[in-house]
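The structure appears right after this line, and notes come after that.
Protein chains in written order, with the working numbering: chain A, 0 to 301; chain B, 128 to 551.
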């Protein structure tokens with residue numbers, strides 16, 4: 000523990016700026032990944048243990064499209080659509096047939112899918128790590144603010160993550176689709192009786208959730224190595240965020256992700272050997288004191 | 128005609144029958160005996176061929192097959208082909224031990240290649256004590272595997288670089304560089320497990336031992352396989368070092384460099400990233416930082432010989448386009464020692480005879496120092512492999528200005544270290 004270093008950092012503008020922005024970026028990326036997971040759970044009641052695999056697929060698709068077109072925006076869009084399409088297929092052929100079965104069956108099916116996707120990735124892109132690299136247009140010297148260092152790419156990342164987050168919030172709360180989705184989540188039998196195709200909405204939700212994971216993968220791809228098996232550590236992080244924030248709560252996921260992001264960034268200064276442990280300690284504390292999470296939703300009725 | 132016997136007279140017909148039966152039995156069993164002698168020589172390999180480290184194991188299989196196929200193409204050894212039997216351990220030590228047992232008891236292998244991590248290697252070595260198989264450890268860099276007399280097994284050979292050799296060479300070369308540039312403030316960033324922690328400390332110790340002045344202002348120990356290094360980068364940046372030392376490798380090193388570049392972490396600093404020279408990192412990072420000092424792992428241009436370049440080209444064909452890595456050349460060297468041993472025993476696969484034939488010997492390999500590497504007799508460990516540091520560049524050959532270490536220095540320091548550890 001180095002609380003002196005932490006205190007010095009908190010009282011120093013350069014350190015405060017650098018660590019705060021890095022915490023923000025870490026948190027926003029975590030939020031984007033976890034928002035898809037919490038959305039799927041909130042609406043469908045499914046803990047998608049294959050979520051990390053869709054993050055990985057998004058990263059790989061972004062790498063392939065960028066390598067062939069040179070356009071990063073196109074790469075992100077392609078990653079989102081590809082991951083979403085895979086999510087829809089996943090819902091139709093894995094989730095739907097196992098609906099109502101024992102949760103262990105669902106868990107096993109998800110892990111089987113993760114292994115299949117990892118092996119497929121190895122066959123297509125090879126077993127070694129690949130790197131998309133920061134697009135040339137964003138390879139600029141970092142911005143200096145109050146003596147702190149803020150990478151230009153991170154500013155872009157923050158903007159895009161926030162934009163996606165707002166778009167999801169708007170979709171869920173301000174559109175007919177979102178309204179119907181919430182109705183399906185609350186009372187699927189009633190929604191079905193009113194003529195809504197519950198299966199189609201389920202597909203759409205899973206596609207959206209997996210698409211968000213794909214976007215997160217694409218946004219992170221320029222600065223992280225992409226290799227088979229990447230999804231597992233992302234999945235773990237996402238579950239921690241969702242448990243702390245509250246399963247099914249998107250605002251909860253945002254708060255939890257930011258909390259963990261700042262913990263990691265300032266923790267690396269003050270308690271570098273215990274940063275990961277602290278994350279899990281938060282999770283355990285929430286599970287013990289408030290098992291439904293910080294921002295719980297009303298229980299699902301089916 | 129009747130002959131007397133304890134059972135009464137034996138007719139010549141019955142004697143003829145016995146004679147015929149005996150001759151027939153001999154004739155019938157001869158092909159089986161001949162087949163046993165003429166059948167393939169089975170060499171077992173336990174490797175990681177699935178999962179995150181599949182690229183390592185698959186490359187090692189390719190390196191072994193490259194040489195064995197070449198030997199088979201010229202008729203094998205005493206007319207017998209070499210057959211490599213590979214088992215996947217999924218990077219699990221218990222699986223690796225099971226693989227080795229199965230290769231010995233079910234497949235009849237007496238020569239085993241272990242392409243496994245240090246923890247698996249130690250477990251395999253213990254398991255081998257009940258068997259008579261000879262084993263070639265291809266990956267483990269932990270010196271205690273062969274240096275510690277309590278762990279030593281005369282039928283186990285380490286055909287891999289050693290952490291202590293790397294630390295001595297790195298300390299000697301880098302301390303000289305640092306002195307020339309007036310660098311004293313260092314930050315380290317290495318993976319949080321035995322290899323990262325121990326080898327980093329050894330580097331720091333030898334850096335100081337060779338006269339370098341090092342003030343370690345910050346140390347980061349990221350979890351191996353962590354996707355994000357942002358907090359590590361900002362921590363290193365905040366300590367304002369003049370130089371950074373990192374033993375991160377593979378995907379982790381790519382992430383560290385790409386994220387470090389975003390912050391300008393490597394600007395105006397000396398970066399000592401020994402494992403950055405690996406193909407798969409040095410040719411994958413999109414924005415190569417300046418001033419990166421690397422160690423030779425495997426490079427087509429070092430040694431700069433036609434034989435090494437040919438081996439690289441042949442390996443590419445064997446592996447389907449994947450470039451060789453550090454473990455690949457080590458496997459290639461082990462395969463050569465196996466072939467040399469079997470040639471010396473004229474195809475006799477008795478592990479004790481093969482071991483005796485290669486112990487203390489030098490093998491001709493394209494990536495060796497002056498075309499050879501040696502298995503030191505006192506501890507069955509590899510020496511005289513190329514040990515040098517160079518400067519990374521962004522295009523072929525990816526490293527320039529190699530500075531080699533004198534093996535005399537390495538061996539002297541190693542001996543002193545072993546004495547200090549109580550191994551001698």
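C-beta: ideal position from N, C-alpha, C; glycine also.
Three-state class that DSSP yields for residue i in the structure shown
i                      : result
residue 214 of chain B : strand
residue 408 of chain B : coil
residue 219 of chain A : helix
residue 461 of chain B : helix
residue 316 of chain B : strand
residue 452 of chain B : coil
residue 525 of chain B : coil
residue 425 of chain B : coil
residue 20 of chain A  : helix
residue 291 of chain A : coil
residue 489 of chain B : strand
residue 108 of chain B : As displayed, chain B neither begins before 128 nor continues past 551, which places residue 108 of chain B out of reach and without an answer.
residue 316 of chain A : Examination of residue 316 of chain A is not possible in this model, given that chain A is present from 0 through 301 alone.
residue 71 of chain A  : helix
residue 12 of chain A  : helix
residue 241 of chain B : strand
residue 198 of chain B : helix
Any C-beta of chain B under 9 Å from that of residue i
i                      : result
residue 14 of chain A  : yes
residue 8 of chain A   : yes
residue 299 of chain A : Any reading at residue 299 of chain A must be qualified, since the residue scores a pLDDT of 46, below 50, and its modelled position is unreliable; the value itself is stated next. Cβ-Cβ to chain B under 9 Å: no for residue 299 of chain A.
residue 226 of chain A : yes
residue 121 of chain A : yes
residue 217 of chain A : no
residue 69 of chain A  : no
residue 316 of chain A : Coverage of chain A is limited to positions 0 through 301, which leaves residue 316 of chain A absent and any answer about it impossible.
residue 39 of chain A  : no
residue 157 of chain A : no
residue 115 of chain A : no
residue 210 of chain A : no
Contact under 9 Å by Cβ, residue i with residue j
i                      : j                      : result
residue 381 of chain B : residue 397 of chain B : no
residue 61 of chain A  : residue 77 of chain A  : yes
residue 142 of chain A : residue 129 of chain A : no
residue 288 of chain B : residue 273 of chain B : no
residue 171 of chain A : residue 249 of chain A : yes
residue 255 of chain A : residue 240 of chain A : yes
residue 463 of chain B : residue 265 of chain B : no
residue 249 of chain B : residue 218 of chain B : no
residue 291 of chain B : residue 238 of chain B : no
residue 197 of chain B : residue 222 of chain A : no
residue 230 of chain A : residue 295 of chain A : no
residue 371 of chain B : residue 314 of chain B : yes
residue 425 of chain B : residue 376 of chain B : no
residue 20 of chain A  : residue 153 of chain A : yes
Short CB-CB distance (under 9 Å) between residue i and chain A
i                      : result
residue 327 of chain B : no
residue 359 of chain B : yes
residue 412 of chain B : yes
residue 101 of chain B : The structure shown does not extend to residue 101 of chain B, since chain B is modelled only from 128 through 551, so no value can be given for it.
residue 179 of chain B : yes
residue 488 of chain B : no
residue 381 of chain B : yes
residue 348 of chain B : yes
residue 245 of chain B : no
residue 365 of chain B : yes
residue 193 of chain B : no
residue 185 of chain B : yes
Continuous alpha helix (DSSP H) stretch holding residue i: start and end
i                      : result
residue 276 of chain A : 274 to 288
residue 346 of chain B : Premise fails: residue 346 of chain B lies in the beta strand (DSSP E), 342 to 347, not in any alpha helix (DSSP H).
residue 293 of chain B : 290 to 308
residue 377 of chain B : 377 to 390
residue 228 of chain B : 220 to 232
residue 439 of chain B : 433 to 445
Proximity test, residue i beta-carbon vs the ligand NAP heavy atom, cut-off 8 Å
i                      : result
residue 388 of chain B : For the ligand NAP, the structure offers nothing, since it holds no ligand at all.
Start and end residues, beta strand (DSSP E) containing residue i
i                      : result
residue 173 of chain B : 168 to 174
residue 148 of chain A : 147 to 149
residue 266 of chain A : Note, residue 266 of chain A: premise wrong, no beta strand (DSSP E); alpha helix (DSSP H) at 249 to 269.
The segment 203 to 217 of chain B touching the segment 464 to 472 of chain B, judged by at least three CB pairs closer than 8 Å: yes
The segment 26 to 33 of chain A contacting the segment 230 to 237 of chain A, beta-carbon criterion three pairs below 8 Å: yes
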